[in-house]
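One structure is given below, encoded as structure tokens.
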Amino acid sequence: MESIGVLMACPMNTYLEQELEKRFNLFKFWDFPDKALFLDAHRNSIRAVVGNATAGADAELIESLPRLEIVTSFSVGLDKIDLAKCREKGIRVTNTPDVLTEDVADLAIGLILAVLRRLCECDRYVRSGKWRRGDYRLTTKLEAYTHTSFLHSDIVLSGRKVEIPSIELLSGLNYHVRFTGKSVGIIGLGRIGMGIAKRAEAFSCPISYYTRTEKSDVNYKYYPSVIELASNCQILVVACPLTEETRHIINREVIDALGPKGVLINIGRGPHVDERELVSALVEGRLGGAGLDVFEREPEVPEELFGLENVVLTPHIGSGTVETRMAMADLVLGNLEAHFLNKPLLTPVV
Amino acid sequence: MSTQEQHLPVVLIHRLPAFNLSFTSRLHTHFTLLDPLLHSPESTESFLTRHATSIRALLSVGPTPVTSETLSLLPALEIVVCSSAGIDHVDIHECRQRGVLVTSAGNAFSEDVADYAVALLIDVLRRVSAGNRFVRAGLWPEHGESPLGSKLGGKRVGIVGLGSIGSEVAKRLMAFGCSIAYTSTKKKLAVSYTFYENVNDLAANSNILIVCCALTDQTRHMINKDVMTALGKEGVIVNVGRGALIDEKELVQLLLRGEIGGAGLDVYENEPHVPKELLTLDNVVLSPHLAVLTPESFAALQDVIVGNLLAFFSKKPLLSQVQLD
Numbered sequence: 001m002e003s004i005g006v007l008m009a010c011p012m013n014t015y016l017e018q019e020l021e022k023r024f025n026l027f028k029f030w031d032f033p034d035k036a037l038f039l040d041a042h043r044n045s046i047r048a049v050v051g052n053a054t055a056g057a058d059a060e061l062i063e064s065l066p067r068l069e070i071v072t073s074f075s076v077g078l079d080k081i082d083l084a085k086c087r088e089k090g091i092r093v094t095n096t097p098d099v100l101t102e103d104v105a106d107l108a109i110g111l112i113l114a115v116l117r118r119l120c121e122c123d124r125y126v127r128s129g130k131w132r133r134g135d136y137r138l139t140t141k142l143e144a145y146t147h148t149s150f151l152h153s154d155i156v157l158s159g160r161k162v163e164i165p166s167i168e169l170l171s172g173l174n175y176h177v178r179f180t181g182k183s184v185g186i187i188g189l190g191r192i193g194m195g196i197a198k199r200a201e202a203f204s205c206p207i208s209y210y211t212r213t214e215k216s217d218v219n220y221k222y223y224p225s226v227i228e229l230a231s232n233c234q235i236l237v238v239a240c241p242l243t244e245e246t247r248h249i250i251n252r253e254v255i256d257a258l259g260p261k262g263v264l265i266n267i268g269r270g271p272h273v274d275e276r277e278l279v280s281a282l283v284e285g286r287l288g289g290a291g292l293d294v295f296e297r298e299p300e301v302p303e304e305l306f307g308l309e310n311v312v313l314t315p316h317i318g319s320g321t322v323e324t325r326m327a328m329a330d331l332v333l334g335n336l337e338a339h340f341l342n343k344p345l346l347t348p349v350v
Numbered sequence: 001m002s003t004q005e006q007h008l009p010v011v012l013i014h015r016l017p018a019f020n021l022s023f024t025s026r027l028h029t030h031f032t033l034l035d036p037l038l039h040s041p042e043s044t045e046s047f048l049t050r051h052a053t054s055i056r057a058l059l060s061v062g063p064t065p066v067t068s069e070t071l072s073l074l075p076a077l078e079i080v081v082c083s084s085a086g087i088d089h090v091d092i093h094e095c096r097q098r099g100v101l102v103t104s105a106g107n108a109f110s111e112d113v114a115d116y117a118v119a120l121l122i123d124v125l126r127r128v129s130a131g132n133r134f135v136r137a138g139l140w141p142e143h144g145e146s147p148l149g150s151k152l153g154g155k156r157v158g159i160v161g162l163g164s165i166g167s168e169v170a171k172r173l174m175a176f177g178c179s180i181a182y183t184s185t186k187k188k189l190a191v192s193y194t195f196y197e198n199v200n201d202l203a204a205n206s207n208i209l210i211v212c213c214a215l216t217d218q219t220r221h222m223i224n225k226d227v228m229t230a231l232g233k234e235g236v237i238v239n240v241g242r243g244a245l246i247d248e249k250e251l252v253q254l255l256l257r258g259e260i261g262g263a264g265l266d267v268y269e270n271e272p273h274v275p276k277e278l279l280t281l282d283n284v285v286l287s288p289h290l291a292v293l294t295p296e297s298f299a300a301l302q303d304v305i306v307g308n309l310l311a312f313f314s315k316k317p318l319l320s321q322v323q324l325d
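The listed protein sequences correspond, in order, to chains A and B. Position 85, counted from 1, in the first sequence is what the numbering used here calls 85; the numbers after and before it change by one each time, with no gaps. Position 42, counted from 1, in the second sequence is what the numbering used here calls 42; the numbers after and before it change by one each time, with no gaps.
Set out below in structure tokens:
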């Protein structure tokens with residue numbers, strides 16, 4: 001197989017790169033600044049493209065590679081691949097489902113907890129030395145509230161007095177909020193959505209969901225529209241594939257339905273969310289908080305979010321564990337080998 | 001005292017001067033509150049002696065000690081209602097001798113602390129706070145990918161202290177595909193998790209330790225160098241119990257030498273001092289002792305205190321009675 005030309009669309013994983021180099025004639029697209037020149041020279045030797053969530057195979061690339069047989073994506077989402085074009089030309093497509101489900105669902109719960117319990121802000125506060133210096137208030141916003149002294153002996157025994165606002169006075173999400181028992185709404189109840197639901201159930205959260213059609217095999221509450229789902233949950237999680245239908249599925253109306261006590265979690269794709277609307281809602285306090293692993297123009301993240309305490313921002317790490325990236329790489333390699341040995345594909349999509 | 005108030009049951013507020021009760025208005029609607037500290041210069045002893053025969057219930061605020069001396073001044077006392085989860089400030093022996101019932105905060109804090117333990121664990125493994133710093137510092141466009149994290153699914157989690165918090169942690173982490181083992185003063189017959197008699201064996205058979213037991217003379221520094229070494233260099237420790245459960249100096253050294261994988265800490269040995277070596281590490285998550293601190297916990301605590309008192313005076317089952325034997 002050493003003579004088979006494989007084009008890697010962008011850097012994604014060192015182990016995968018090394019293994020591809022061992023087995024195939026690997027071209028790294030990013031090594032060639034002049035794409036047209038590169039494609040002219042190698043169009044007839046490239047039979048496979050390896051893509052991911054950043055770059056895949058659009059119609060233009062597919063058209064320029066006459067001998068292309070297979071596109072293997074180092075991701076579960078296929079939004080960077082022109083699937084219709086692949087079908088039309090008989091090009092096979094594979095992704096990496098299942099192996100990353102747990103990690104993405106874990107991160108979704110991690111983001112919910114981090115937003116509700118202000119974990120990153122707590123960590124920043126300790127690292128800044130403010131705790132040691134006796135500045136006990138985590139946020140200046142708190143000073144607006146009437147303080148009530150706290151009963152819990154742990155707190156006072158640790159050498160200081162901590163004050164928290166009474167529950168009646170707490171509006172919005174200016175302080176820690178309990179996760180257990182909060183209602184969780186999930187957009188897209190596929191493998192990842194189900195993984196999130198299963199985990200949230202262990203926190204006694206009532207689960208509801210939106211999908212195009214109601215699922216007959218689950219007991220979760222179904223809403224036939226995203227607006228209704230957002231109006232009836234406190235935490236809204238985006239876990240559906242990105243398609244033309246789901247682009248900007250989180251728009252101003254949905255954000256307003258979720259409201260100033262609501263939290264949005266996005267572990268899907270950046271373009272699921274109308275980012276301008278999200279930023280203005282967060283800045284204006286019309287949304288309680290957000291945990292975002294994906295953004296519309298990665299790696300660019302709106303700078304207006306950098307100063308907000310009710311927002312947690314991670315650099316698209318949903319599947320970013322050593323174990324899972326290895327399993328994903330092995331699936332990409334397995335699919336390519338199966339294809340070129342005329343064996344059944346491991347995880348075919350087209 | 002109005003006529004109406006005279007008909008309400010009497011509750012003694014037993015508190016140290018630094019502790020103010022924050023929800024007296026709610027208590028006032030159900031009870032007549034007696035607070036010796038509001039009657040100075042009369043001494044507490046004299047105040048208690050004067051009201052001794054009418055006091056059947058005592059509310060101990062925070063860590064205010066309930067000693068045998070206090071109890072001997074209150075011959076009519078039938079119940080001690082505590083506002084904390086631990087009751088090591090109450091003379092349990094004396095209460096048992098006198099047939100005085102004791103209630104704790106019960107599970108009012110358990111869910112929030114368990115949530116927080118899971119939050120710290122996911123944060124350490126998946127580098128959430130580190131990723132958040134990376135993005136906010138504008139490093140993503142420049143550096144490309146941030147360092148990879150470690151998978152939670154399939155990890156062996158050892159719970160140090162399977163009380164109400166530990167049980168809630170176990171229940172949550174089962175849903176993440178973790179296997180659960182524990183060590184506790186004695187084996188719990190009601191659960192199927194693997195039991196280890198000592199923390200060394202637990203650590204040797206775990207990838208993650210969640211520390212959530214009570215601090216006593218027996219448990220001080222129970223997470224020592226040997227235990228942490230047994231956990232290994234990929235191992236992660238989460239502490240939502242007390243700082244002194246861990247030998248903090250050793251923990252810092254092991255983290256600096258890469259002999260332990262990471263740590264999520266809500267508590268420290270010498271709060272609010274946090275070892276400065278930790279402040280620059282990306283494999284630790286640091287929190288200023290506030291795992292219990294949500295308005296919901298606070299409301300639940302009020303509910304359990306008022307609920308226990310109301311149940312007592314109406315001869316109904318108590319909500320969170322502590323077994324004294």
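Every residue gets a Cβ at the ideal spot worked out from N, C-alpha and C, and that includes glycine. Note that the coordinates shown come from a computational prediction; the quantities given were computed from them, not determined experimentally.
Outcome for residue i when other beta-carbon atoms lying within 10 angstroms are tallied against a minimum of 16
i: L292 (chain A); result: buried
i: N95 (chain A); result: buried
i: P17 (chain B); result: exposed
i: K215 (chain A); result: exposed
i: P65 (chain B); result: exposed
i: M1 (chain A); result: exposed
i: T140 (chain A); result: Residue placement at T140 (chain A) is poorly supported in this model, since its pLDDT is 33, which falls under 50; the coordinates still yield a value, given next. Its Cβ having fewer than 16 others within 10 Å, T140 (chain A) is exposed.
i: T72 (chain A); result: buried
i: G99 (chain B); result: exposed
i: E63 (chain A); result: exposed
i: D88 (chain B); result: exposed
i: E142 (chain B); result: exposed
i: R199 (chain A); result: buried
i: E277 (chain B); result: exposed
i: E197 (chain B); result: exposed
i: R118 (chain A); result: buried
Contacts of residue i in chain B (Cβ-Cβ under 8 Å)
i: Y125 (chain A); result: P288
i: L282 (chain A); result: Here the premise fails: no neighbours, minimum Cβ distance about 14 Å.
Cross-chain neighbours of residue i in chain A, by beta carbon under 7 Å
i: N132 (chain B); result: C120, V312, L313 and T314
i: T70 (chain B); result: Correct list: empty, because the minimum Cβ distance to chain A is about 17 Å.
i: L152 (chain B); result: D106
i: R136 (chain B); result: F306 and L313
i: D201 (chain B); result: Ordered by position in chain A, no residue passes the 7 Å Cβ test against D201 (chain B), which lies about 26 Å from the chain.
i: G177 (chain B); result: E102
Under 9 Å by beta carbon: chain B residues contacting residue i
i: E296 (chain A); result: Per Cβ cutoff of 9 Å: no residues; E296 (chain A) is ~14 Å from chain B at best.
i: R322 (chain A); result: The sequence shown places Val at residue 322 (chain A), not Arg. Within chain B, the residues near V322 (chain A) are L148, G149, S150 and K151.
i: P66 (chain A); result: Residues of chain B passing the Cβ test: none, with the nearest at roughly 32 Å.
Strand pairing of residue i, partner residues [DSSP]
i: M8 (chain A); result: A:K28 and A:V50
i: F300 (chain A); result: Checking the displayed sequence, the identity of residue 300 (chain A) turns out to be Glu instead of Phe. For E300 (chain A), which the question treats as bridged, DSSP gives the partners A:R297.
i: I267 (chain A); result: Note: I267 (chain A) sits in no beta bridge, so no partner.
i: K151 (chain B); result: Paired residues: none, contrary to the question.
i: H51 (chain B); result: Its beta-bridge partners do not exist; DSSP assigns none.
i: N239 (chain B); result: B:V211 and B:L265
i: G90 (chain A); result: According to DSSP, G90 (chain A) bridges with nothing at all.
i: L74 (chain B); result: L74 (chain B) pairs with nothing; no bridge assigned.
CB-CB length for residue i against residue j, believed under 8 Å
i: L12 (chain B); j: A76 (chain B); result: Incorrect: roughly 10 Å between the Cβ atoms, too far for contact.
i: V169 (chain B); j: A114 (chain B); result: 5 Å
i: I250 (chain A); j: V273 (chain A); result: 4 Å
i: I235 (chain A); j: V311 (chain A); result: No, I235 (chain A) and V311 (chain A) are not in contact; Cβ-Cβ is about 14 Å, not under 8 Å.
i: Y209 (chain A); j: I186 (chain A); result: 5 Å
i: L324 (chain B); j: R96 (chain B); result: 4 Å
Proximal residues of chain A, C-beta to C-beta of residue i below 9 Å
i: E111 (chain B); result: R178, F179, T180, G181, F203 and S204
i: M174 (chain B); result: A202
Contacts of residue i in chain B (Cβ-Cβ under 7 Å)
i: I109 (chain A); result: I122
Within chain E, the residues that residue i reaches when beta carbons sit closer than 8 Å
i: E277 (chain B); result: The structure shown has no chain E; the protein chains it does contain are A and B.
Contacts that residue i makes with chain A (C-beta to C-beta distance below 8 Å)
i: P141 (chain B); result: P299 and E300
Would you be able to state if there are at least three C-beta pairs under 8 Å between the region 93-112 of chain A and the region 181-197 of chain A?
-> yes
Stretch-stretch touch, CB-based, cutoff 8 Å, three pairs: the region 204-215 of chain B with the region 153-163 of chain B = yes
At a cut of 8 Å, does the region 7-21 of chain A reach the region 45-59 of chain A through at least three beta carbon pairs?
-> They touch, by the three-pair rule.
State whether the region 180-196 of chain B contacts the region 236-251 of chain B, with contact taken as three or more CB pairs (one from each stretch) at a distance under 8 Å.
-> no
How about the region 294-301 of chain B and the region 105-114 of chain B: do they share at least three Cβ pairs that are nearer than 8 Å?
-> Segment contact: the region 294-301 of chain B against the region 105-114 of chain B, three or more CB-CB distances shorter than 8 Å; contact assigned.
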